[in-house]
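All remarks here apply to the structure that follows.
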Amino acid sequence: MDILKYKDYEGTAELDMTRRVCRGKLLFIDDVVTYEADHPDKLQAEFEAAVDDYLQTCETVGKEPQRPFRGMFNVRISPALHRAASLRAIEDDVSLNDVVVQALKAYVNTLSVVRHTVQVTLVAKELTTRTTTTTGMPQWETRYAH
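For reference, each letter of the sequence shown is one residue, going 300 to 445 in the working numbering.
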């Protein structure tokens, strides 16, 4: 999904094939703010107008506009992981909050790679290797398993 950005707000960019319009909504706030355009080239401008309108409307009605990401959130984990993280924090003489911050930084800033562990057992009766001599000619050697 494409994300639009303006004034510390993010919004979606979606295609509605039924209505033949581009549309979106502001992300990460509870207030519902949507926008649409008849062409993708116009969607960013409509998004920016929606953000500006939201901020103006909040000011007019005397409401504080919602800001995405206060920097606080709840995390649900197993009691065993909670205990292990707390003990590790004590061992490292840091707060549990520091542990979570470091874990999130590692997650966000590193390339996510799926790692698989594969065990291969190879039984060979004969092993042939090739090496190259200083003359550039390949030399073959055959070893037999005992």
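From the three backbone atoms N, C-alpha and C, an ideal C-beta is built for every residue, glycine too.
With respect to the 8 Å criterion, R322 and D330 are not classified as neighbours on the basis of their beta carbons. Around the beta carbon of G361, fewer than 16 other beta carbons lie within 10 angstroms, which makes this residue exposed.
T333 is bridged by DSSP to K324. Nearest to V332 by C-alpha distance, out of V320, T317 and D352, is D352.
Boundaries cannot be given for T420, as no beta strand (DSSP E) includes it and DSSP labels it neither H nor E. For D315, the three-state secondary structure derived from DSSP is strand. One thing to note: A405 has its Cβ no nearer than 8 Å to the Cβ of L395. Rounded to whole angstroms, the gap between the alpha carbons of V374 and N408 is 20 Å. Per DSSP, the unbroken alpha helix (DSSP H) holding I389 starts and ends at P378 to D391.
About 4 Å separates the beta carbons of L342 and A336, which is inside the 8 Å limit, making them a contact pair. Taking the C-beta atoms as reference points, E309 is found nearer than 8 Å to L326. For D397, the uninterrupted alpha helix (DSSP H) run begins and ends at L395 to N408, by DSSP.
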